[in-house]
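Asks:
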Amino acid sequence: MITWNRRKWIGAAASVPCIAANLLSRKHTLGFESENAEPIAWIHAKILTAAGSLINDGTIVIHKGSILAVGTSDATAIPPGAKIIDAAGKWIMPGLVCTHSHIGGVGAADASAPIQPGVRILDSINVKESGFKRALAGGLTTLNIMPGSGHLISGQTVYCKLRYAGKGPSTIEDILIRDNEGKAIGGLKMANGTNSQGEAPFPGTRGKSAFLVREQYIKAREYHAKRLAANGDPEKQPPRDLHLESLVEAMQGTRIVHHHTHRHDDIITVLRLSQEFGFRVVLHHVSEGWKVAKEIAAAKAPCSVIVIDSPGGKLEARDMTFKNGRILDEAGVRVAFHTDDWITDSRVFNRSAALAVRAGMNRDRAIEALTIAGAEMLGLESRIGSLVPGKDADFCILSGDPLSVYTRVLETWVEGQKAFDLANPDDALYAEGGQGAGFELNPYLCCFGQSWQQSGAK
Amino acid sequence: MLRAFQSLVLCCLVSSPVWGQTLVVKAKQIHTVSGKTITNGAVVCVDGKIASIGEIASVAIPEGAKVIQAEVVTPGLIDVRSSVGLSGILNVDHDSDHLESSVPLQPELRAIDAYNPREELIEYVRGFGVTTVHTGHAPGELISGQTMIAKTRGGTVQDALIIDGKAVCATLAESSKKSGKQSPGTRGKQMAMLRALLIEASEYRVKLSKPSKESELKDEDSKVARNLKLEAMVDVLEGKKALLITADRAQDIASALRLGEEFGIRVWLDSAAEAYQLIPQIKKAGVPVLLHPSMARASGDRENMTFRSASMLKENGIPFAIESGFEAYVPKVRIVLFEAALATAHGLSKEAALESITLSAAKILGIHDRVGSIDVGKDADLALYDGDPLEYTTHCIGVVIDGVSYPGESR
């Protein structure tokens with residue numbers, strides 16, 4: 402498994418460790434505790450663990466929301482008292498991780514300014530939005546819910562678990578992923594290129610875009626230096642600034658930057674800024690990533706790639722190709738895919754990997770790009786993304802090969818609870834569509850400094 | 037002399053069919069769509085037409101013919117409703133001619149005057165098997181203009197064109213409402229404006245067909261003045277052009293049917309996300325459905341769409357074809373092969389999926405005497421694959437249009 406470089410924050414004297422696996426204690430999640438005390442075992446399934454090759458006759462055992470054992474059926478012990486389910490003919494794989502989603506009728510930063518890092522997406526999410534149910538129908542279990550790309554910095558993203566078993570969540574608190582201090586974990590959304598340009602106060606050029614971003618990070622660096630110098634003395638403490646705090650977290654590596662970027666030169670600009678300020682970055686969309694694959698690999702920046710059925714829609718995406726995933730992967734770049742839901746539909750997220758395989762990407766890597774690679778890009782790889790003992794029991798059960806058009810997601814399990822069941826008509830509605838299954842609200846995404854026509858109806 | 041030679045070369049490159057040339061496509065599976073699937077077969081194309089087809093052993097392969105080998109062959113795919121060629125890859129003014137918004141009713145706008153045969157997205161969809169497109173003005177105005185049918189080749193619109201002015205495009209939706217004090221601002225006003233236009237065209241038609249005594253005297257001045265807008269609508273009234281109505285909500289579909297019944301015109305329902313809610317009404321009206329892409333977004337007027345629409349239309353015997361439709365942003369063009377493929381995961385048989393992007397589309401468009409199936413005498417339009425055409429990981433390895441081969445998807 403490729404683990405990628407964790408940059409130290411070079412902007413301050415103190416080096417603060419990144420979010421580490423042991424901070425992600427389950428006791429602080431507000432998920433549903435398993436009602437069934439006994440373990441459950443699925444036997445004779447084809448299992449894609451995303452941590453090794455396909456197990457043709459496999460068994461997976463879960464208990465109390467975690468994976469207890471995974472392996473070949475003949476070598477995996479089933480604990481006494483376990484409920485045993487014959488899964489012959491079915492496939493089981495980790496719950497899909499979408500590193501870039503806009504589900505929930507979200508709207509973070511508004512049109513007042515191009516840089517608003519203090520705005521939190523979690524304050525705008527409607528957990529009752531049907532998009533969450535559709536995502537489960539696609540086998541997704543973890544989402545990075547993001548603001549749009551209409552700003553240079555459009556706010557804080559939030560990582561969510563789709564804890565929709567039973568009655569489902571009542572509030573956003575029920576689906577957050579928290580650290581051991583109980584704090585919701587998320588990233589920071591940034592963008593460059595044309596989406597975040599517009600009329601003043603938005604930047605009009607790429608040069609201005611980079612300048613505005615640098616200016617803010619420098620302010621944040623100075624702000625943090627003052628805070629450190631105050632050494633806890635309330636008299637010397639600078640007044641709290643939510644925007645700058647967010648940037649400080651990015652520079653400390655505790656808030657991963659998720660950066661929208663398409664064109665090859667914009668990608669290089671992101672790498673340059675990341676280098677200057679030491680923020681840990683995931684490159685998102687990266688339509689022209691294949692043109693600068695070597696440079697991305699050298700910078701050890703992972704790529705969350707979007708797969709769209711045709712190139713274009715805007716100049717920046719003209720050279721988009723299904724080959725992007727393959728070329729980046731072969732260059733040594735860690736690759737994940739994302740839905741950008743509602744740009745692509747979460748229900749067919751597996752299709753992104755399948756089309757990359759159509760263009761020559763290694764099958765195992767394509768499966769990882771739907772699961773563990775995404776988990777790594779959220780800093781959650783110790784807890785989710787692959788089927789190994791000790792990790793959360795997040796997985797989906799499929800009717801066949803996940804890279805086939807004929808395959809359906811039959812069940813999706815989150816932390817040991819069945820959150821989607823195609824056999825249940827209430828769930829099937831969201832899988833198939835129909836009256837009431839669509840978006841209640843479209844996300845408020847783009848492009849704030851531009852007229853609707855200029856933005857190409859983004 | 038050199039120039040003459042150049043023109044000759046150019047002519048050979050762009051024009052088709054290539055007369056006197058024979059092309060043979062051999063495949064393990066040939067889906068004729070009109071009849072049985074042939075195993076280990078061959079299609080012989082002569083002068084741009086299909087000359088013979090059958091099992092390899094039973095087909096005479098002409099000497100010296102160029103031979104192409106594929107795993108699977110289908111008829112060239114037909115996209116029953118697109119804006120490709122009018123709506124370009126960059127999505128900027130420079131390449132966007134699919135929608136003119138100065139006034140809401142413009143049936144006089146011809147697709148041939150806007151179609152760019154060298155638009156790169158045409159080549160892109162051809163790479164995924166599409167050989168014929170019904171393309172034209174997009175949804176978004178009450179009447180946005182006309183459509184045309186073209187082959188996905190040719191350096192000029194004349195090279196590509198099969199039929200000019202196939203349909204007039206209307207939209208009954210939120211997207212064709214105007215803001216402020218402009219009309220139409222409501223659904224009621226949309227229908228009132230369409231009815232008024234059709235009534236005006238009826239009266240115009242009467243004037244044209246019953247010349248006044250003065251005009252019988254051949255007095256040029258007293259003849260009915262030509263009106264391009266009304267001429268297009270007269271074609272609709274006379275059934276020479278269909279009225280393609282983009283309508284997703286059940287109430288808009290019902291309005292479209294009501295309009296068709298009142299004026300006795302040929303209506304094609306376009307997109308029709310909630311068609312499944314009005315199956316008996318659509319069946320009774322006898323109108324075909326140009327069905328939205330399976331992966332259209334379930335939002336706005338399409339919020340109640342379902343992946344099962346195609347299978348429900350099929351089960352109920354309603355003629356339909358799956359379209360790529362129009363996209364304002366991304367994907368700038370959709371691939372009908374992908375859209376039909378997804379319907380197979382939701383109740384549509386593989387055979388019906390293939391038919392929905394070949395022969396069914398041809399029948400709706402009235403071009404099934406030429407294209408849509410692999411039959412002797414039809415245009416030699418084929419799509420070639422290295423496996424199951426509908427599967428995600430299969431490739432379209434080439435296409436044939438009028439007996440001339442083109443590359444498949446870029447890999």
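Quick note, the sequences are listed as chains A and B, same order. Throughout the first sequence, residue numbering follows my numbering, covering 402 to 859 in sequence. Throughout the second sequence, residue numbering follows my numbering, covering 37 to 447 in sequence. Think of the CB as a built atom: it goes at the ideal place given N, C-alpha and C, for glycine as much as any other residue. Small disclaimer: the values here were computed from a predicted structure and weren't measured.
(1) What three-state label does DSSP hand residue 62 of chain B in the structure shown?
(2) In the DSSP assignment, find the unbroken alpha helix (DSSP H) run with residue 640 of chain A in it and report its ends.
(3) Ignoring anything shorter than 3 residues or poking outside the segment 711-783 of chain A, list the beta strand (DSSP E) runs there in chain order.
(4) Quick test of the definition: if touching needs 3 or more C-beta pairs under 8 Å, does the segment 790-800 of chain A touch the segment 809-819 of chain A?
(5) Is residue 280 of chain B close to chain A, meaning its C-beta is less than 8 Å from at least one C-beta of that chain?
(6) Provide the residue span of the alpha helix (DSSP H) that contains residue 214 of chain B, from first to last.
(7) With 8 Å as the limit, tell me which residues of the segment 325-336 of chain B have their beta carbon closer than that to any beta carbon of chain A; keep them in chain order.
(8) Residues bridged to residue 556 of chain A by DSSP?
(9) Does the segment 194-207 of chain B touch the segment 267-279 of chain B, meaning 3 or more C-beta pairs lie closer than 8 Å?
(10) Quick check for students: name the residue ranges of the beta strand (DSSP E) that lie wholly in the segment 468-546 of chain A, counting only runs of 3 or more.
(11) Using 8 Å as the threshold, is the C-beta distance between residue 526 of chain A and residue 507 of chain A below it?
(12) Using the Cβ count rule (16 or more neighbours within 10 Å means buried), how would you classify residue 447 of chain A?
(13) Out of A:805, A:800, A:807, A:765, state which residue places its alpha-carbon closest to the alpha-carbon of residue 787 of chain A.
(14) In its own chain, which residues sit with a C-beta less than 8 Å from the C-beta of residue 837 of chain A, not counting the 5 before and 5 after it?
(15) Is residue 706 of chain A close to chain B, meaning its C-beta is less than 8 Å from at least one C-beta of that chain?
(16) Whose C-alpha, out of A:734, A:440, A:450, is nearest the C-alpha of residue 699 of chain A?
(17) Can residue 130 of chain B and residue 123 of chain B be called in contact, C-beta distance under 8 Å?
(18) Residue 169 of chain B: buried (16+ other C-beta within 10 angstroms of its C-beta) or exposed?
(19) Among all the DSSP beta bridges, which residues are the ones paired with residue 168 of chain B?
(20) Got a sec: which bits of the segment 285-302 of chain B sit with their beta carbon under 7 Å from any beta carbon on chain A, in order along the chain?
(21) Below 8 Å CB to CB, which residues in the same chain sit around residue 423 of chain B once its five sequence neighbours on both sides are set aside?
(22) Can you give me the C-alpha to C-alpha distance between residue 503 of chain A and residue 768 of chain A, rounded to a whole angstrom?
(23) Over the uninterrupted alpha helix (DSSP H) stretch that includes residue 820 of chain A, give me the two end residues.
(24) Alpha carbon to alpha carbon, what distance is there between residue 121 of chain B and residue 155 of chain B?
(25) Quick test of the definition: if touching needs 3 or more C-beta pairs under 8 Å, does the segment 673-688 of chain A touch the segment 705-725 of chain A?
(26) Strictly under 8 Å for the Cβ-Cβ distance: is residue 758 of chain A near chain B by that measure?
(27) In chain A, what lies closer than 7 Å to residue 362 of chain B by C-beta?
(28) Do residue 702 of chain A and residue 674 of chain A come within 8 Å of each other at the CB atom, strictly closer than that value?
(29) Does the distance from the C-beta atom of residue 490 of chain A to that of residue 749 of chain A stay below 8 Å?
(30) Thinking C-beta only, is residue 300 of chain B closer than 8 Å to residue 321 of chain B?
(31) When the Cβ atoms of the segment 392-400 of chain B are set against those of the segment 370-382 of chain B, are three or more pairs found closer than 8 Å?
(32) Where do the N-terminal and C-terminal ends of the beta strand (DSSP E) with residue 442 of chain B fall, by residue?
(33) If contact is defined by three or more beta carbon pairs under 8 Å, each pair taking one atom from either stretch, is the segment 333-342 of chain B in contact with the segment 300-318 of chain B?
(34) Skipping 5 residues on each side, what residues in its chain have a beta carbon closer than 8 Å to that of residue 630 of chain A?
(35) At least one CB of chain A closer than 8 Å to the CB of residue 110 of chain B: is that the case?
(36) Using the beta-carbon of each residue, which ones in chain B are nearer than 9 Å to residue 743 of chain A?
Replies: A quick look at the data gives this:
(1) Taking the first residue of the second sequence as 1, we reach residue 62 of chain B at position 26. Looking at residue 62 of chain B - three-state DSSP - the assignment turns out to be strand.
(2) Within the first sequence, numbered from 1, the residue matching residue 640 of chain A stands at position 239. No alpha helix (DSSP H) contains residue 640 of chain A, which DSSP labels as neither H nor E.
(3) 736-739
(4) yes
(5) Counted from its first residue, the second sequence places residue 280 of chain B at position 244. For residue 280 of chain B, the answer is no, since every Cβ of chain A falls outside 8 Å of its Cβ.
(6) Walking along the second sequence from the start, residue 214 of chain B turns up at place 178. Where residue 214 of chain B is concerned, there is no enclosing alpha helix (DSSP H), given that its DSSP letter is neither H nor E.
(7) 331, 333, 334, 335, 336
(8) Working through the first sequence from its first residue, we reach residue 556 of chain A at position 155. According to DSSP, which records beta bridges pairwise, residue 556 of chain A is partnered with A:590.
(9) yes
(10) 484-487, 492-495, 497-502, 541-546
(11) Residue numbering aside, residue 526 of chain A sits at position 125 when the first sequence is read from its first letter. Residue numbering aside, residue 507 of chain A sits at position 106 when the first sequence is read from its first letter. Against a cut-off of 8 Å, the Cβ pair of residue 507 of chain A and residue 526 of chain A comes out as a contact.
(12) For this step, residue 447 of chain A is matched to residue 46 along the first sequence. So residue 447 of chain A counts as buried.
(13) To locate residue 787 of chain A, count along the first sequence from 1; it is residue 386. Residue 787 of chain A has its Cα closest to that of A:765, out of A:805, A:800, A:807, A:765.
(14) Locating residue 837 of chain A in the first sequence gives position 436, counting from the first residue. Excluding residues within five positions, the ones whose Cβ falls inside 8 Å are 531, 830.
(15) One-based indexing of the first sequence puts residue 706 of chain A at position 305. For residue 706 of chain A, the answer is no, since every Cβ of chain B falls outside 8 Å of its Cβ.
(16) Looking up residue 699 of chain A in the first sequence gives position 298. Ranking A:734, A:440, A:450 by Cα distance to residue 699 of chain A puts A:734 first.
(17) The sequence position of residue 130 of chain B within the second sequence is 94, counting from 1. The sequence position of residue 123 of chain B within the second sequence is 87, counting from 1. No, Cβ-Cβ distance for residue 130 of chain B and residue 123 of chain B is not below 8 Å.
(18) Stepping through the second sequence from its first residue, residue 169 of chain B is reached at position 133. Buried, by the Cβ-count rule.
(19) Residue numbering aside, residue 168 of chain B sits at position 132 when the second sequence is read from its first letter. In DSSP, residue 168 of chain B forms a bridge with B:114, B:187.
(20) none
(21) Residue numbering aside, residue 423 of chain B sits at position 387 when the second sequence is read from its first letter. Counting only Cβ-Cβ distances below 8 Å, and skipping sequence neighbours, we find 107, 108, 429, 430, 431.
(22) Here residue 503 of chain A corresponds to residue number 102 of the first sequence, with the count starting at 1. Here residue 768 of chain A corresponds to residue number 367 of the first sequence, with the count starting at 1. Spanning the two alpha carbons is a distance of roughly 22 Å.
(23) Reading the first sequence from its first residue, position 419 is the one you call residue 820 of chain A. DSSP places residue 820 of chain A in no alpha helix (DSSP H) but in the uninterrupted beta strand (DSSP E) bounded by 818-822.
(24) Translated into positions along the second sequence, residue 155 of chain B becomes position 119. Translated into positions along the second sequence, residue 121 of chain B becomes position 85. Roughly 6 Å separates the two Cα atoms.
(25) yes
(26) To locate residue 758 of chain A, count along the first sequence from 1; it is residue 357. Yes - at least one Cβ of chain B is within 8 Å of the one on residue 758 of chain A.
(27) In the second sequence, counting from the first residue as 1, residue 362 of chain B sits at position 326. None at all; the shortest Cβ gap to chain A is about 11 Å.
(28) Residue numbering aside, residue 674 of chain A sits at position 273 when the first sequence is read from its first letter. Residue numbering aside, residue 702 of chain A sits at position 301 when the first sequence is read from its first letter. With respect to residue 702 of chain A, residue 674 of chain A sits apart: the two C-beta atoms are not nearer than 8 Å.
(29) Counted from its first residue, the first sequence places residue 490 of chain A at position 89. Counted from its first residue, the first sequence places residue 749 of chain A at position 348. Not closer than 8 Å, so no.
(30) Here the question's residue 321 of chain B lines up with position 285 in the second sequence. Here the question's residue 300 of chain B lines up with position 264 in the second sequence. No.
(31) Yes, the segment 392-400 of chain B is in contact with the segment 370-382 of chain B.
(32) Taking the first residue of the second sequence as position 1, residue 442 of chain B is located at position 406. Run containing residue 442 of chain B: 440-443, per the beta strand (DSSP E) assignment.
(33) yes
(34) As a first step, residue 630 of chain A must be located in the first sequence, where it is residue number 229. The beta carbon of residue 630 of chain A lies closer than 8 Å to those of 637 in the same chain, with the five residues before and after it left out.
(35) Counting from 1 along the second sequence, the entry for residue 110 of chain B is found at position 74. By this cut-off, residue 110 of chain B is not an interface position.
(36) As a position in the first sequence, residue 743 of chain A is number 342, starting the count at 1. Under the 9 Å cutoff, chain B gives 333, 334, 335.
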